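Take 1 as the starting number for the sequence shown in full-length UniProt numbering and just add one per residue.
The next block holds one structure in the form of structure tokens; read it before the comments.
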Amino acid sequence: MAHQAAKQQLDGSPPSHGDSTKDSQGESGLQTERQHKEGGETDSLACTSHVLSEMSAARSHRWSNLLTAAQLYLLGLKVLLVQLFTRPFRLPVMPRQDGKVAIVTGGGKGIGFEVVRHMARLGAHVIIGGRDEQEGLAAVRRICEEYKQAKVEFKKLDLASLQSVHHFVQSFKQLELPLNILINNAGVMLVPEGRTEDGFEQHLGVNYLGHFLLTWLLLDTLKDSGKCGHISRVVNVSSSAHRIGTVRLNDLNSCQCYSAHAAYCHSKLAQLLFSSHLHQELQRRGSPVSSCAVDPGMVDTALYRHLWMPLCLAQSAFAHLLLRVKHCCDFRLPYSHVRDGKDQLV
Ligand SMILES: NC(=O)c1ccc[n+]([C@@H]2O[C@H](COP(=O)([O-])OP(=O)(O)OC[C@H]3O[C@@H](n4cnc5c(N)ncnc54)[C@H](OP(=O)(O)O)[C@@H]3O)[C@@H](O)[C@H]2O)c1
1 MAHQAAKQQL
11 DGSPPSHGDS
21 TKDSQGESGL
31 QTERQHKEGG
41 ETDSLACTSH
51 VLSEMSAARS
61 HRWSNLLTAA
71 QLYLLGLKVL
81 LVQLFTRPFR
91 LPVMPRQDGK
101 VAIVTGGGKG
111 IGFEVVRHMA
121 RLGAHVIIGG
131 RDEQEGLAAV
141 RRICEEYKQA
151 KVEFKKLDLA
161 SLQSVHHFVQ
171 SFKQLELPLN
181 ILINNAGVML
191 VPEGRTEDGF
201 EQHLGVNYLG
211 HFLLTWLLLD
221 TLKDSGKCGH
231 ISRVVNVSSS
241 AHRIGTVRLN
251 DLNSCQCYSA
261 HAAYCHSKLA
271 QLLFSSHLHQ
281 ELQRRGSPVS
291 SCAVDPGMVD
301 TALYRHLWMP
311 LCLAQSAFAH
321 LLLRVKHCCD
331 FRLPYSHVRD
341 GKDQLV
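Printed below as a string of structure tokens:
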């Protein structure tokens, strides 16, 4: 009723009064009926066109998501071929990192673990930020068994919870250590649709937003630590998947039509844009901190566990034969783009 009245007012129709004569009552009754009918037709037309436009938007999102998935697999194939036909990656000789402090997110396994191991061997004090305490502590144990002087510790960090990011930073700051290197490495790929604790789409929340907040909260420590001659660094472990991503500002949470492939690509693009913007801002302000992104290429890790099962099996068989796998330090990284890496580890 309120909707009809509002509609009448919008149309400029006179409101009907209760004390009108029978004729006028009849006339106005007919008029109201006509208006109701017209209003009803307009309403149903508007409703139909709204439904149709939503359907076509959903269809176009579905197509664009399918296209993204196809592009992602083609890109993966291209990266794989490039890796196969280029000579194996040789780790360059890195300078010692004694006295440096680094944080590596997701350092309990995969690429992060190898980075932590290598940095610890070069003498850096490394803090692994991870959500799985057992895995993190096992990683610390393994590295300390390998290098007796290694300074490695684990701190709980769940990037899918902004509160956990705050707690992690708080507990790191209590250590009163400098921070020379922050490696935003943790990531998820192709996870089923889900939300982080704060209601963000998983890929966006973990790969981008969690790291964004972490970097932001640690920026003052990075700046302070960069004043003593060596600039501090923020390294974002990115992916060539960013090339396929688009940042849908009106649908950041992929509510309109979810695709895990598209969500991963979007999150990696967001991370890359953040890395580049941060670098520009820091340079503009003359801050002793730099930010860069590194694409590790295709490395056989647990990241691929959410692939469609037949592809997952093919990937693991292929990776077992051709890619350097999980626990060796010289995994193939021909696609790495490391900027300003002259006097630092990364
Ligand atoms: N492998 C590749 O071929 C490849 C290619 C391009 C880019 N990358 C990028 O490289 C990075 C490392 O991936 P990876 O290949 O080493 O994968 P991985 O072996 O699956 O390692 C990912 C790490 O991130 C952690 N992580 C996931 N969600 C987290 C959360 N909510 N909070 C804290 N930590 C979380 C994982 O911890 P859990 O053990 O608790 O899951 C794990 O330690 C990712 O950013 C990925 O996008 C990898």
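In this text, a Cβ means the ideal position worked out from N, Cα and C, and glycines have one as well.
Since this is a predicted model, take the numbers as computed values, not measurements.
Exercise for the section: Going by CA-CA distance only, name the one from R195, D300, C144 and Y147 that's closest to A260. Expected result: If you number the sequence shown from 1, residue 260 lands on position 260. Here the closest residue by C-alpha is R195.
Handout entry: V235 versus Q256 - alpha carbon distance
Key = Taking the sequence shown and counting its residues from 1, the one referred to as residue 235 is at position 235. Taking the sequence shown and counting its residues from 1, the one referred to as residue 256 is at position 256. Each residue's CA atom was taken as its position, placing V235 and Q256 some 32 Å apart.
Handout entry: DSSP three-state assignment for V206, whether helix, strand or coil
Key = Start at 1 with the first residue of the sequence shown, and residue 206 comes out as number 206. Helix.
Practice task
Can you grab the Cα-Cα spacing for the pair G107 / N250, in whole Å?
Solution key: Position 107 of the sequence shown, counted from the start, is the residue given in the question as residue 107. Position 250 of the sequence shown, counted from the start, is the residue given in the question as residue 250. Near 33 Å, if we compare the C-alpha coordinates of N250 and G107.
Problem - Residue burial classification, G136 (beta-carbon count within 10 angstroms, cutoff 16) - result: Within the sequence shown, numbered from 1, the residue matching residue 136 stands at position 136. Buried is the call here.
Problem - N-terminal and C-terminal residue of the alpha helix (DSSP H) that L159 is part of - result: On the sequence shown, position 159 is the one that residue 159 refers to. Where L159 is concerned, there is no enclosing alpha helix (DSSP H), given that its DSSP letter is neither H nor E.
Problem - DSSP beta-bridge partners of I244 - result: Your numbering for residue 244 matches position 244 in the sequence shown. I244 pairs with nothing; no bridge assigned.
Practice task
Could you tell me if the beta carbon of V115 falls within a distance shorter than 7 Å of some heavy atom in ligand 1?
Solution key: Here residue 115 refers to the residue found at position 115 when the sequence shown is read from its first residue. No, Cβ of V115 sits at least 7 Å from all heavy atoms of ligand 1.
Problem - Beta-ladder partner(s) of S232, from DSSP - result: If you number the sequence shown from 1, residue 232 lands on position 232. The partner list for S232 (beta bridge, DSSP) reads V289.
Handout entry: Cβ separation of S232 and P288, assumed to be a contact under 8 Å, to the nearest whole Å
Key = Along the sequence shown, one-based indexing puts residue 232 at 232. Along the sequence shown, one-based indexing puts residue 288 at 288. In this structure S232 is in contact with P288, their Cβ atoms being roughly 6 Å apart against a cut-off of 8 Å.
Problem - Same chain only: Cβ atoms within 8 Å of A2, ignoring 5 sequence neighbours per side - result: As a position in the sequence shown, residue 2 is number 2, starting the count at 1. Low confidence applies to A2: its pLDDT is 38, below 50, so where it sits in the model is not reliable enough to give any reading.
Practice task
Note down, in chain order, each residue of its chain lying with its Cβ closer than 6 Å to the Cβ of G26, except the 5 sequence neighbours on either side.
Solution key: Numbered from 1 along the sequence shown, position 26 holds the residue referred to as residue 26. With a pLDDT of only 48 at G26, under the threshold of 50, the placement of this residue in the model should not be trusted; the figure read from the coordinates follows. Hits under 6 Å: none found.
Handout entry: Separation of L269 from D295, as counted between CA atoms
Key = As a first step, residue 295 must be located in the sequence shown, where it is residue number 295. As a first step, residue 269 must be located in the sequence shown, where it is residue number 269. Straight-line Cα distance between these residues: approximately 12 Å.
Practice task
Answer with buried or exposed for E201, where buried requires no fewer than 16 other C-beta atoms within 10 angstroms of its C-beta.
Solution key: Within the sequence shown, numbered from 1, the residue matching residue 201 stands at position 201. Answer is buried; the Cβ neighbour count reaches 16.
Practice task
Would you kindly work out how many angstroms separate the C-alpha atoms of M298 and D43, rounded to a whole number?
Solution key: Here the question's residue 298 lines up with position 298 in the sequence shown. Here the question's residue 43 lines up with position 43 in the sequence shown. If you take the alpha carbons of M298 and D43, they lie about 54 Å apart.
Problem - Assigned secondary structure, K179 (DSSP; H/G/I helix, E/B strand, else coil) - result: Translated into the one-based positions of the sequence shown, residue 179 becomes position 179. Here residue 179 is Leu; the residue named in the question, Lys, does not match the sequence. L179: coil per DSSP, three-state reduction.
Exercise for the section: Compute the minimum distance between the beta carbon of R131 and the heavy atoms of ligand 1, and state whether it is under 7 Å. Expected result: Against the sequence shown, residue 131 aligns to sequence position 131. Because some heavy atom of ligand 1 lies under 7 Å away, the Cβ of R131 counts as near it: yes.
Problem - Limits of the beta strand (DSSP E) - the one that A120 falls within - result: Locating residue 120 in the sequence shown gives position 120, counting from the first residue. Counting along the chain, A120 falls outside any beta strand (DSSP E), though it belongs to the alpha helix (DSSP H) covering G110 to R121.
Problem - Minimum C-alpha distance to Y304 - residue among I111, H61 and R90 - result: By one-based count along the sequence shown, residue 304 stands at place 304. Nearest C-alpha to Y304: I111.
Practice task
Please state if the CB of C265 and the CB of H230 are separated by a distance shorter than 8 Å.
Solution key: Indexing the sequence shown from 1 puts residue 230 at position 230. Indexing the sequence shown from 1 puts residue 265 at position 265. If you check the CB distance, H230 and C265 do not come in under 8 Å.
Exercise for the section: Quick one: give me the first and last residue of the alpha helix (DSSP H) that V140 is part of. Expected result: The residue labelled residue 140 in the question sits at position 140 within the sequence shown. Note, V140: alpha helix (DSSP H), E133 to E146.
Exercise for the section: Can you have a look at K78 and say buried or exposed, based on whether 16 or more other CB atoms are within 10 angstroms of its CB? Expected result: Taking the first residue of the sequence shown as 1, we reach residue 78 at position 78. With a threshold of 16 other beta carbon atoms within 10 Å, K78 falls short and is exposed.
Handout entry: Where T301 falls, given that 16 or more other Cβ within 10 Å makes a residue buried
Key = Here residue 301 corresponds to residue number 301 of the sequence shown, with the count starting at 1. With 16 or more other Cβ atoms within 10 Å, it is buried.
Exercise for the section: Could you pull out every residue in the same chain whose Cβ sits closer than 8 Å to the Cβ of K22, ignoring the five residues on either side in sequence? Expected result: Along the sequence shown, read from residue 1 onward, the residue named residue 22 stands at position 22. Here the model assigns K22 a pLDDT of 40, short of 50, so the residue's position is not dependable, and the following value carries that caveat. If we look at K22 and ignore the five residues flanking it on each side, it has no Cβ neighbours.
Handout entry: Residues of its chain near T68, where Cβ-Cβ distance is below 7 Å and the 5 sequence neighbours each way are ignored
Key = Numbered from its first residue, the sequence shown carries residue 68 at position 68. Result list for T68: I244, S259, H261, A262 and C265, in chain order.
Handout entry: ligand 1 heavy atom lying under 7 Å from the CB of S239
Key = Along the sequence shown, read from residue 1 onward, the residue named residue 239 stands at position 239. True, at least one ligand heavy atom lies under 7 Å from that Cβ.
Handout entry: Segment contact flag, the segment 87 to 103 with the segment 124 to 133, C-beta cutoff 8 Å, min 3 pairs
Key = Cβ pair count under 8 Å is three or more, so yes.
Handout entry: Contact set for F85: own chain, Cβ-Cβ below 6 Å, skip 5 residues either direction
Key = Within the sequence shown, residue 85 is the residue found at index 85, counting from 1. Once the five neighbours on either side are set aside, F85 has no close Cβ partner at all.
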